[in-house]
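2 protein chains.
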Amino acid sequence: MLEKIKTYQTFPAGSPLIHAGDDVELLSSLVEGCATISMTLEDGRVQMVGLLLPSDFIGRPGRQVAPYDITAISEVTLCSFRRRPFEVLIAETPHIGQRLLEMTLDELDAAREWMVLLGRKTAREKIASLMVILSKRLSPRGHDVHFELPLTREAMASYLGLTLETVSRQITALRRDGVIVQEGRRGITVPDLDRLIALTGDDTDGGLLA
Amino acid sequence: MLEKIKTYQTFPAGSPLIHAGDDVELLSSLVEGCATISMTLEDGRVQMVGLLLPSDFIGRPGRQVAPYDITAISEVTLCSFRRRPFEVLIAETPHIGQRLLEMTLDELDAAREWMVLLGRKTAREKIASLMVILSKRLSPRGHDVHFELPLTREAMASYLGLTLETVSRQITALRRDGVIVQEGRRGITVPDLDRLIALTGDDTDGGLLA
DNA sequence: CGCAGAGTTGATAGGCTTCAATCCTCGTGG
DNA sequence: CCACGAGGATTGAAGCCTATCAACTCTGCG
Chain L
13 MLEKIKTYQT FPAGSPLIHA GDDVELLSSL VEGCATISMT LEDGRVQMVG
63 LLLPSDFIGR PGRQVAPYDI TAISEVTLCS FRRRPFEVLI AETPHIGQRL
113 LEMTLDELDA AREWMVLLGR KTAREKIASL MVILSKRLSP RGHDVHFELP
163 LTREAMASYL GLTLETVSRQ ITALRRDGVI VQEGRRGITV PDLDRLIALT
213 GDDTDGGLLA
Chain C
13 MLEKIKTYQT FPAGSPLIHA GDDVELLSSL VEGCATISMT LEDGRVQMVG
63 LLLPSDFIGR PGRQVAPYDI TAISEVTLCS FRRRPFEVLI AETPHIGQRL
113 LEMTLDELDA AREWMVLLGR KTAREKIASL MVILSKRLSP RGHDVHFELP
163 LTREAMASYL GLTLETVSRQ ITALRRDGVI VQEGRRGITV PDLDRLIALT
213 GDDTDGGLLA
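If you want it as structure tokens, here you go:
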């Protein structure tokens, strides 16, 4: 049934997909590429509050107005549904509603983990944490841990609550210490993931690190 | 039907209500008092990731293991339901599921707004933001803006990603500037709420400030 | 009265930001 | 084919905000 109302769209890198305050008529699933969720203060300071990778969902059933800016940072393909038919579908199929609640709870957990990072971690720990997150989401299973950074230094800074200079310095430091190996500007290999994880400052038992 | 499975319980200030990693058998609604949601790093640094005030919900349907510590910071009264019957109720009444999704989305929005605070705001802006939040939730409507701080300086520091000394200094500074008036250690009056809001750094148009 | 916990205030230090200059890298066009 | 340009990234120096360490004050209560 979803088949009937879905459409695919592709946007170039840098496209604003949604602007805070807009009326949102389309709910989407990110099929390919990478986008960011961000908020801006009065004087222009920006904080990224979410990173969207393939399989992530964009938009909220039951909410007309977008609370955040969403921007493509690589070429992005979306699979979109019009709001109304989708909301009807949810109302009729409790199972989908439950799944949506599950996803929202996961997002909430991720947001809270990120609050700990923003509030209490050092620059070094922040960078290590980001690398671990990206390793888990982008590195193919089973192989050596390797991935391409989908973010510029500026975007990383925005996500981590740092400046781009500090991000650059800390990445340089991690490379000097042999914790990561760089291939070109964006390629990252992690020779020993446990060593990287040890630098995140996270409590290694307490449940959340699934 | 909820009537049949609900029980009331009261806990003294300081009680740990839930410890991260625990199996949670009871879902609750906070009836009276104030509690905090917090996470702890390896070496003991603590970040509060949520503040629970009357009418807030504790626990997640469908999630057995608690991801956070929840602690009473004043005497607290909970209205609790056993997990199973409550989950059955949700499955049978889509309306409740929708309400739960609504509440979770609200929490997510609050968490993301807090990420901006933690990542980008100055100490001054953080304190001002907290005061505004507490004004909105604790000050009786229609009167002058006045409330009692439910948090110690340390708890505020934990919530704001600061130290308690910095919190104390900034509160002193706000009082010196006449933005707030203190009555005793905990009483706060805000003579001009707009002036306080102007100090939060928040963008005053873009949607989220409902 | 005196103690304990919460809060305030002061001095110092450190980590990150800011400002600035330079270096890469890659795509473009002469 | 290679020089050139522009945006991204790195590196350096200086300064500021907040943390840290420490002493002291206030308040309520046994």
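Just so you know, the protein sequences line up as chains L and C, in that order.
Numbering follows my numbering, with no gaps: position 46 of the first sequence is 58.
Numbering follows my numbering, with no gaps: position 197 of the second sequence is 209.
Think of the CB as a built atom: it goes at the ideal place given N, C-alpha and C, for glycine as much as any other residue.
Given the structure is predicted, the values throughout are model-derived calculations rather than measurements.
Reference residue i; option with closest CA among the options
{"i": "Pro162 of chain C", "options": "C:Leu205, C:Val58, C:Pro66 and C:Glu37", "result": "C:Pro66"}
{"i": "Ile82 of chain C", "options": "C:Ser147, C:Ile49 and C:Ala135", "result": "C:Ile49"}
{"i": "Pro24 of chain L", "options": "L:Val58, L:Leu53, L:Gln76 and L:Ala84", "result": "L:Ala84"}
{"i": "Arg225 of chain L", "options": "L:Asp214, L:Pro28, L:Arg72 and L:His107", "result": "Residue numbering for chain L in the displayed model covers 13 to 222; residue 225 of chain L lies beyond these limits and cannot be assessed."}
{"i": "Asp68 of chain L", "options": "L:Glu160, L:Gly45, L:Gln21 and L:Asp204", "result": "L:Gly45"}
{"i": "Ile183 of chain C", "options": "C:Tyr171, C:Gly173, C:Ile200 and C:Asp156", "result": "C:Ile200"}
{"i": "Val191 of chain L", "options": "L:Ile139, L:Thr89, L:Leu120 and L:His155", "result": "L:Ile139"}
{"i": "His158 of chain L", "options": "L:Gly173, L:Lys133, L:Ser170 and L:Gln194", "result": "L:Gln194"}
{"i": "Gly62 of chain L", "options": "C:Trp126, C:Leu29 and C:Arg181", "result": "C:Trp126"}
{"i": "Pro28 of chain L", "options": "L:Ser86, L:Thr105 and L:Glu54", "result": "L:Ser86"}
{"i": "Tyr80 of chain C", "options": "C:Leu112, C:Ala47 and C:Arg94", "result": "C:Ala47"}
{"i": "Glu19 of chain C", "options": "C:Leu39, C:His31, C:Asp34 and C:Glu104", "result": "The amino acid at residue 19 of chain C is misidentified as Glu; the sequence shows Thr. Ranking C:Leu39, C:His31, C:Asp34 and C:Glu104 by Cα distance to Thr19 of chain C puts C:Leu39 first."}
{"i": "Gly154 of chain L", "options": "L:Arg111, L:Gly131 and L:Leu205", "result": "L:Leu205"}
{"i": "Leu146 of chain C", "options": "C:Glu114, C:Ile209, C:Met115 and C:Glu54", "result": "C:Ile209"}
{"i": "Val88 of chain C", "options": "C:Asp34, C:Thr22, C:Ala78 and C:His31", "result": "C:Thr22"}
{"i": "Val179 of chain C", "options": "C:Glu37, C:His31, C:Thr116 and C:Met143", "result": "C:Met143"}
{"i": "Ala169 of chain C", "options": "C:Leu150, C:Gly196, C:Arg136 and C:Lys148", "result": "C:Arg136"}
{"i": "Pro203 of chain C", "options": "C:Asp215, C:Asp156, C:Tyr171 and C:Arg165", "result": "C:Asp156"}
{"i": "Met115 of chain C", "options": "C:Pro152, C:Arg165, C:Ile70 and C:Thr175", "result": "C:Ile70"}
{"i": "Leu172 of chain L", "options": "L:Val100, L:Ser151, L:Leu90 and L:Val128", "result": "L:Val128"}
{"i": "Glu177 of chain L", "options": "L:Arg111, L:Gly26 and L:Glu166", "result": "L:Glu166"}
{"i": "Thr216 of chain L", "options": "C:Gly33, C:Glu54 and C:Gly26", "result": "C:Glu54"}
{"i": "Thr175 of chain C", "options": "C:Leu130, C:Asp189 and C:Arg111", "result": "C:Leu130"}
Contact set between residue i and chain C, taken where Cβ atoms lie within less than 7 Å
{"i": "Asp156 of chain L", "result": "Simply none; closest approach about 26 Å."}
{"i": "Gly109 of chain L", "result": "Pro106, Gly109, Gln110 and Leu113"}
{"i": "Arg207 of chain L", "result": "In chain order: nothing, as chain C lies at least about 15 Å away."}
Same chain, Cβ closer than 7 Å to residue i, neighbours up to 5 away in sequence not counted
{"i": "Arg75 of chain L", "result": "none"}
{"i": "Gly109 of chain L", "result": "Ile102"}
{"i": "Asp35 of chain L", "result": "Gln76 and Val77"}
Beta-carbon proximity list for residue i, same chain, < 6 Å, skipping 5 on both sides
{"i": "Leu221 of chain L", "result": "Caution is warranted here: a pLDDT of 46 is assigned to Leu221 of chain L, below 50, making its placement in the model unreliable, and no coordinate value can be reported."}
{"i": "Gln59 of chain C", "result": "Met51"}
{"i": "Lys133 of chain L", "result": "Gly213"}
{"i": "Gly219 of chain L", "result": "In this predicted model, Gly219 of chain L has a pLDDT of only 47, less than 50, meaning its place in the structure is not dependable enough to derive any value."}
{"i": "Leu64 of chain C", "result": "Leu42 and Ala47"}
{"i": "Leu211 of chain L", "result": "Ala140"}
{"i": "Ile30 of chain C", "result": "Ala78 and Ile82"}
N- and C-terminal bounds of the beta strand (DSSP E) containing residue i
{"i": "Lys18 of chain L", "result": "Lys18 to Phe23"}
{"i": "Leu176 of chain C", "result": "Unbroken run through Leu176 of chain C is the alpha helix (DSSP H), Leu176 to Arg188; no beta strand (DSSP E)."}
{"i": "Glu166 of chain L", "result": "Glu166 of chain L -> not in any beta strand (DSSP E); alpha helix (DSSP H) instead, spanning Arg165 to Leu172."}
{"i": "Ala47 of chain L", "result": "Ala47 to Thr52"}
{"i": "Val191 of chain C", "result": "Val191 of chain C -> no beta strand (DSSP E), and no H or E assigned at all."}
{"i": "Ser41 of chain C", "result": "Leu38 to Glu44"}
{"i": "Gln59 of chain L", "result": "Val58 to Leu64"}
{"i": "Val157 of chain C", "result": "Val157 to Glu160"}
{"i": "Arg94 of chain C", "result": "Val88 to Arg94"}
{"i": "Thr216 of chain C", "result": "Run containing Thr216 of chain C: none; DSSP gives neither H nor E here."}
{"i": "Asp81 of chain C", "result": "Asp81 to Ala84"}
{"i": "Pro73 of chain L", "result": "Counting along the chain, Pro73 of chain L falls outside any beta strand (DSSP E), and DSSP gives it neither H nor E."}
{"i": "Gly199 of chain C", "result": "Gly199 to Val202"}
Contacts that residue i makes with chain L (C-beta to C-beta distance below 8 Å)
{"i": "Val128 of chain C", "result": "Met51, Leu53, Gln59 and Val61"}
Alpha helix (DSSP H) segment containing residue i, residue limits
{"i": "His107 of chain C", "result": "Pro106 to Arg132"}
{"i": "Ser147 of chain L", "result": "Ala135 to Leu150"}
{"i": "Asp206 of chain L", "result": "Leu205 to Ala210"}
Under 8 Å by beta carbon: chain C residues contacting residue i
{"i": "Thr116 of chain L", "result": "Leu113, Thr116, Leu117 and Leu120"}
{"i": "Thr216 of chain L", "result": "Glu54"}
{"i": "Gly213 of chain L", "result": "Leu53, Glu54, Asp55 and Arg57"}
Interface residues of chain C facing residue i [CB-CB closer than 9 Å]
{"i": "Arg188 of chain L", "result": "What Arg188 of chain L touches in chain C: nothing, since even the nearest Cβ is about 23 Å away."}
{"i": "Arg198 of chain L", "result": "Under the 9 Å cutoff, chain C gives no residues; its nearest Cβ is about 23 Å from Arg198 of chain L."}
Heavy atom of the ligand ZN within 6 Å of residue i beta-carbon
{"i": "Leu120 of chain L", "result": "Absence of the ligand ZN from the depicted structure is noted, as is the absence of any ligand whatsoever, leaving it without description."}
Same chain, Cβ closer than 8 Å to residue i, five either side skipped, listed in chain order
{"i": "Ile17 of chain L", "result": "Phe93, Arg94, Pro97 and Phe98"}
{"i": "Arg207 of chain L", "result": "Val191"}
{"i": "Glu160 of chain C", "result": "Leu150, Arg198, Gly199 and Ile200"}
Neighbour list for residue i in chain L, Cβ cutoff strictly below 9 Å
{"i": "Arg96 of chain C", "result": "Under the 9 Å cutoff, chain L gives no residues; its nearest Cβ is about 16 Å from Arg96 of chain C."}
- Going along the region 161-174 of chain C in order, which residues come within less than 8 Å of chain L, judged by CB to CB distance? Answer in chain order: Leu172 and Gly173.
- Contact list for the region 62-77 of chain L against chain C, Cβ threshold 9 Å: Gly62, Arg72, Pro73, Gly74, Arg75 and Val77
- Near-chain C residues of the region 131-149 of chain L - C-beta to any C-beta below 7 Å: Within the region 131-149 of chain L, the residues whose Cβ lies closer than 7 Å to some Cβ of chain C are Gly131 and Arg132, listed in chain order.
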